[in-house]
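Novice: Take this structure first; my questions come after.
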Amino acid sequence: MPTIVILTTGGTIAMKRDEAAGGAVPTLDGSDFLAALPPGLPELRVEEYCNLPSAHFALDTLWGLRSRVAELLDKPEVDGVVVTHGTDVMEESAYLLDLTVPGEKPMVLTGAMRTASQIGYEGLANLVAAVRVAASPQARRLGAMIVMNDEIHAARFVTKAHTQSVDTFKSLSFGPLGRVDGDEVVIGQRVTRQWIPGGGLESNVVLIKLAVGLDESFLKYAIEKGVKGVVIEALGGGRVPPWWMPTIRQAVEAGVAVVIASRCPSGRVWDGYGYEGAYNDLRGAGVLFANGLNGQKARLKLMVVLEAAEDRSAIPQLWAS
Ligand code: ASP
Numbered sequence: 003m004p005t006i007v008i009l010t011t012g013g014t015i016a017m018k019r020d021e022a023a024g025g026a027v028p029t030l031d032g033s034d035f036l037a038a039l040p041p042g043l044p045e046l047r048v049e050e051y052c053n054l055p056s057a058h059f060a061l062d063t064l065w066g067l068r069s070r071v072a073e074l075l076d077k078p079e080v081d082g083v084v085v086t087h088g089t090d091v092m093e094e095s096a097y098l099l100d101l102t103v104p105g106e107k108p109m110v111l112t113g114a115m116r117t118a119s120q121i122g123y124e125g126l127a128n129l130v131a132a133v134r135v136a137a138s139p140q141a142r143r144l145g146a147m148i149v150m151n152d153e154i155h156a157a158r159f160v161t162k163a164h165t166q167s168v169d170t171f172k173s174l175s176f177g178p179l180g181r182v183d184g185d186e187v188v189i190g191q192r193v194t195r196q197w198i199p200g201g202g203l204e205s206n207v208v209l210i211k212l213a214v215g216l217d218e219s220f221l222k223y224a225i226e227k228g229v230k231g232v233v234i235e236a237l238g239g240g241r242v243p244p245w246w247m248p249t250i251r252q253a254v255e256a257g258v259a260v261v262i263a264s265r266c267p268s269g270r271v272w273d274g275y276g277y278e279g280a281y282n283d284l285r286g287a288g289v290l291f292a293n294g295l296n297g298q299k300a301r302l303k304l305m306v307v308l309e310a311a312e313d314r315s316a317i318p319q320l321w322a323s
């Protein structure tokens, strides 16, 4: 019988309406979840890491969660970990675990879009499905996953795509890895993990989103402030207005790691154009490309890479791993 640890962090899955607060707030703890789960599941242990809305996570909260998951999975008696988590930044926590926690054991994040005070609360159904995935031998070597709405998503590709719907998590480029049908875990496709031996997060990294006609003053400001890394969510397949190029070149020359992601919700950064500010021009300027990661995940990866790199020359190789 596999042993699964449920590590609770808060989020809507743990929330109930509180009259004094005027809305839902984190309320349920691990023992509430255990008491509500049906029989017939693998051996479960619960541990509370925190009880926060995920918008209240600081970088220390995120890295501490990563470290606790790594410690738990290092124990021979633990076969997998389920993290209950707010959906708002769940994809970032999932991706950090995927990128930096070694080993083959499943790491599954789950949550809810409706609170435990609402009709149709889906938190327990999601938790049961997540436990089944964490205990499944088929889920080994898939890294971190998000399991919600009976779908299994790879951390690297999934994003929160709807502000309200219970069907919010989407892997827009390649689709989900599989499904949970009742008590059956069905894996339809597998991913190869990218892994970096992470030692922490370099916090001095910013994310800037492009829009038509936007001037480059935020980028200039970031460089003046001595930022170590910048992720730019560029247009389409990786394009910036021509007036951004001198500042991007200046940033690279000053030793700032510049990553180009796309503001499109799916697809890699690549194009075949020859004009100023397009992919080839950016490549010539010495930037890194996000290779299918969205802006928020590219930022996290850059934070891990900058912390892991002994010097600047190590950055491109670490980034490519
Ligand atoms: N506000 C919630 C959070 O902690 C949203 C959710 O969990 O669905 O991210």
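Start counting the sequence shown at 3; every next residue gets the next number (our numbering). Beta carbons: idealized from backbone N, C-alpha and C, even for Gly. Quick caveat: nothing in here was measured; it's all calculated off a predicted structure.
Counting only beta-carbon separations shorter than 7 Å, does Val168 have a partner in chain C?
Specialist: Considering every chain present, this structure includes no chain C. It has just one protein chain.
Novice: Please report the distance separating the alpha-carbon of Phe35 from that of Tyr97.
Specialist: Rounded to whole angstroms, Phe35 to Tyr97 spans 25 Å at the Cα level.
Novice: Closer than 6 Å to a non-hydrogen atom of the ligand ASP - does that hold for the CB of Asp20?
Specialist: no
Novice: Indicate, with yes or no, if the ligand ASP has a heavy atom lying under 6 Å from the CB of Thr194.
Specialist: no
Novice: Drop a sphere of 10 angstroms on the beta-carbon of Ala22, count the other beta-carbons inside from all chains shown, and report buried for 16 or more, exposed for fewer.
Specialist: exposed
Novice: Buried or exposed for Trp245, going by 16 or more other Cβ atoms inside 10 Å?
Specialist: Looking at its Cβ environment, which holds fewer than 16 other Cβ atoms inside 10 Å, Trp245 is exposed.
Novice: Does the beta-carbon of Asp169, which I'm using as the reference point, lie nearer than 6 Å to any heavy atom of the ligand ASP?
Specialist: no
Novice: Compute the Euclidean distance between the alpha carbons of Asn53 and Thr11, then round it to the nearest angstrom.
Specialist: 5 Å
Novice: Pairs of beta-carbons, one from the region 87 to 102 and one from the region 118 to 126, closer than 8 Å: are there three or more?
Specialist: no
Novice: Ala259: which of Glu204, Asp217, Ala213 sits nearest, CA to CA?
Specialist: Glu204
Novice: On a Cα-Cα basis, can you pick out the residue from Gly180, Ile8, Arg195, Ile15 that is closest to Ser323?
Specialist: Arg195
Novice: Whose CA, out of Arg314, Pro199, Ala263, Gly200, lies closest to the CA of Leu212?
Specialist: Ala263
Novice: Where do the N-terminal and C-terminal ends of the alpha helix (DSSP H) with Met247 fall, by residue?
Specialist: 247 to 255
Novice: Under 6 Å: does the beta carbon of Ser95 sit that close to some heavy atom of the ligand ASP?
Specialist: Not under cutoff, so the answer is no.
Novice: Please determine, among Cys266, Val207, Arg241, Asp283, the residue with the shortest C-alpha to C-alpha distance to Gly257.
Specialist: Comparing Cα positions, the closest option is Val207.
Novice: Could you tell me the distance, in whole angstroms, from the CA atom of Glu106 to the CA atom of Arg142?
Specialist: 5 Å
Novice: Do Glu153 and Leu302 have their CB atoms nearer than 7 Å?
Specialist: no
Novice: Rounded to the nearest angstrom, how far is the Cβ of Gly202 from that of Glu309, given a contact under 8 Å?
Specialist: 5 Å
Novice: Just mark Lys77 as buried or exposed, buried being the case when its beta carbon has 16 or more other beta carbons within 10 Å.
Specialist: exposed
Novice: Relative to the alpha-carbon of Lys222, which residue among Ile198, Ala37, Ala253 has its alpha-carbon at the smallest distance?
Specialist: Ala253
Novice: Leaving out five residues on either side along the sequence, give the residues of the same chain with a beta carbon under 6 Å from the beta carbon of Ala38.
Specialist: If we look at Ala38 and ignore the five residues flanking it on each side, its Cβ neighbours are Leu126.
Novice: List the DSSP bridge partners of Ser1.
Specialist: Nothing about residue 1 can be reported from this structure: the residues present for the chain run from 3 to 323 only.
Novice: Tell me the DSSP bridge mates of Val271?
Specialist: Answer by DSSP bridge pairing: none, since Val271 is not bridged.
Novice: Does the beta carbon of Met247 fall short of 6 Å from some heavy atom of the ligand ASP?
Specialist: The nearest non-hydrogen atom of the ligand ASP is 6 Å or more from the C-beta of Met247.
Novice: Sorry if obvious, but does the Cβ on Met147 come closer than 6 Å to a heavy atom of the ligand ASP?
Specialist: no
Novice: Report yes if the C-beta distance between Glu50 and Asp20 is below 7 Å; otherwise report no.
Specialist: no
Novice: Measuring CB to CB, does Arg241 end up less than 7 Å from Val182?
Specialist: no
Novice: Could you tell me how far apart the beta carbons of Val83 and Leu9 are, in whole angstroms, since I believe they sit closer than 8 Å?
Specialist: 6 Å
Novice: Would you list, in sequence order, the uninterrupted beta strand (DSSP E) runs of no fewer than 3 residues that lie entirely inside the region 10 to 67?
Specialist: 17 to 20, 25 to 28, 45 to 54
Novice: Counting only the same chain and skipping the five closest in sequence on each side, list residues whose C-beta sits under 7 Å from that of Val307.
Specialist: Ile198, Ile317, Leu320, Trp321
Novice: How would you label Met3, buried or exposed, when you count the other beta carbons within 10 angstroms and need 16 or more for buried?
Specialist: exposed
Novice: Just confirm the distance between the C-beta atoms of Asn296 and Thr161, as a whole number of angstroms; I'd bet it's less than 8 Å.
Specialist: 6 Å
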